[in-house]
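Let me begin by presenting the structure, written as structure tokens, before commenting on it.
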Ligand SMILES: Cc1cc2nc3c(=O)[nH]c(=O)nc-3n(C[C@H](O)[C@H](O)[C@H](O)COP(=O)(O)OP(=O)(O)OC[C@H]3O[C@@H](n4cnc5c(N)ncnc54)[C@H](O)[C@@H]3O)c2cc1C
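Numbering (our numbering), first residue to last: 15 to 423.
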């Protein structure tokens, strides 16, 4: 789009995991004649170096649930990322210095895998490389949106190059730190966990055999997620007080500390990659839908990563939102209508509530050093280790299967 003032039916602001996924779900709306603009301040070309990529697709790795794999398969994206996705066949949950331990196995759940781990840049490549601009899709990147306001017809966006874009429906998928929702009077509630996630990759002297480990250590929860043959993606939650000291440690000292926390179930850790840190908070926006407006992904809710549910939930949100928008488009209805958007939120609200509650509860239960909580934790883990039904329910949640499926297309 090269004109100074343009109009589209749907604008997706942000091409991170949320925005890039949603574009794929909206293929039926495009086929029904709607035009879509996808805007991101980062270039979306994969030839650029790492630092230029949208932040969703940085050096982290993401746990995809089994339910997410099924959705990506239906979208036709799974095949391109499957060679880089490592299956999780077994999960061991344990508590440092205590007896409790539980294991989950894919074969007990009659499924091929409990989930998958994929490096974010591979996921980004899969989501973005197939998106080519066309009459119905206008990719505006790198372009930053400076100002947004709601109008009688929808929304109006002013871009950094001075262009104005008007849209019938604005989907804000601009992440958890964007100042733009506040321009519309939408506030965020923020609950800080007083902790940060240290994310890195390690190499171990033992193949992972598709085991993932969730360990509740005296430093905080640690996840070891299988990647390549003998490599794991590590998410280590550290309190704000200790994170700087830990980051200052030399690799060999840090490896020793990590080894002491995880034990030798992963073999001896022989090398560690780049370290990235992310402050941990539960952030929720005060509103998710208004007439002509939806907040999606981290812009709507940003979760503690211990349960690895942020993107999985966002993908289900996007699937259900698209189901309502595609239907409206095919029936010639207004896609910005409050009725359509509220129907989406109503359908997804239980899933959002349950997933957010579980992601908030886990770090509180497993971060607590209080003896009573530790006892309950032991009891919980032991009963789960003993009870197939509890394990199955936990696995269904972790696999992203305890939710109503959206209709794609
Ligand atoms: C340490 C960590 C581990 C995680 N692990 C998992 C996991 O294992 N499984 C899981 O399901 N989830 C996980 N998550 C959550 C997952 O990473 C997030 O759900 C996901 O990144 C959210 O993506 P998003 O598209 O909503 O936001 P973002 O990634 O923040 O994307 C927002 C996009 O909007 C663009 N943008 C912002 N403002 C503007 C503007 N004004 N103009 C133009 N463009 C703009 C940005 O450039 C960016 O590309 C993890 C999160 C963390 C922090």
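Using N, Cα and C, we set each Cβ at its ideal position, and we do this for glycine too.
- Label residue 278 either buried or exposed according to how many other C-beta atoms from any shown protein chain fall within 10 Å of its C-beta, with 16 as the threshold for buried. exposed
- residue 311, DSSP secondary structure in three states: helix
- Message: Please tell me whether residue 263 and residue 212 are closer than 8 Å, where the distance is taken between their beta carbons.
- Response: no
- Task: For residue 124, count neighbouring Cβ atoms within 10 angstroms of its own Cβ and tell me buried if that reaches 16, exposed if not.
- Result: exposed
- Could you check how far apart the C-beta atoms of residue 332 and residue 71 are, in whole angstroms? I think they sit under 8 Å. Not a contact, Cβ separation roughly 16 Å.
- Distance between residue 243 and residue 34 (C-alpha atoms, nearest Å): 29 Å
- Item | heavy atom of ligand 1 below 7 Å from residue 292 C-beta | yes
- Task: Pull up the distance between the alpha-carbon of residue 166 and that of residue 184, whole angstroms please.
- Result: 13 Å
- Go to residue 336, then tell me how far its beta strand (DSSP E) extends in each direction, as first and last residue. Element bounds for residue 336: not the beta strand (DSSP E) but the alpha helix (DSSP H), 324–344.
- Message: Taking only three categories from DSSP, how would you classify residue 139?
- Response: helix
- For the putative contact between residue 199 and residue 180, defined by C-beta atoms under 8 Å, what is the C-beta separation to the nearest angstrom? Actually they do not touch by this definition, with Cβ atoms about 20 Å apart.
- For my contact list, residue 289 and residue 236 are in at a C-beta cut-off of 8 Å; report their separation, rounded to the angstrom. Rounded, the Cβ-Cβ distance is 14 Å, inconsistent with contact.
- Any chance the CB of residue 240 is under 7 Å from a heavy atom of ligand 1? no
- Query: Going by the C-beta, is residue 286 closer than 7 Å to any heavy atom of ligand 1?
  - Reply: no
- Segments assigned beta strand (DSSP E), at least 3 residues, entirely inside the segment 110–193: 115–119, 129–133, 151–154, 159–164, 169–173 and 178–186
- Message: Any contact between the segment 307–317 and the segment 353–369? By contact I mean 3 or more CB pairs, one from each, below 8 Å.
- Response: yes
- Neighbour-count burial assignment, residue 231, 16 or more Cβ in a 10 Å radius: buried
- Query: CB residue 219 to CB residue 282, shorter than 8 Å?
  - Reply: yes
- Item | Beta-bridge pairing of residue 293 - partner residues as DSSP gives them | 210
- Taking just the CA atoms, how far does residue 227 sit from residue 115? 11 Å
- Buried or exposed: where does residue 364 fall if 16 or more other Cβ atoms within 10 Å of its Cβ makes it buried? exposed
- Task: Please report the residue range of the beta strand (DSSP E) in which residue 50 lies.
- Result: 50–53
- Message: Given 7 Å as the limit, tell me if residue 76 has its C-beta closer than that to any heavy atom belonging to ligand 1.
- Response: yes
- Query: Could you give the uninterrupted runs of the alpha helix (DSSP H) lying entirely in the segment 214–269, keeping only those of 4 residues or more?
  - Reply: 254–261
- Message: In chain order, what are the residue ranges of uninterrupted alpha helix (DSSP H) at least 4 long that sit wholly in the segment 348–381?
- Response: 352–381
- Task: Look at the Cβ atom of residue 154, then the Cβ atom of residue 51, and state whether they are nearer than 8 Å.
- Result: yes
- Task: Below 6 Å CB to CB, which residues in the same chain sit around residue 68 once its five sequence neighbours on both sides are set aside?
- Result: 29, 30, 54 and 56
- Please name the residue in 122, 182 and 109 whose C-alpha comes closest to that of residue 308. 182
- Item | Distance CB(residue 462)-CB(residue 215) smaller than 8 Å | Because residue 462 is not part of the residues shown, which for the chain are 15 to 423, the question remains open.
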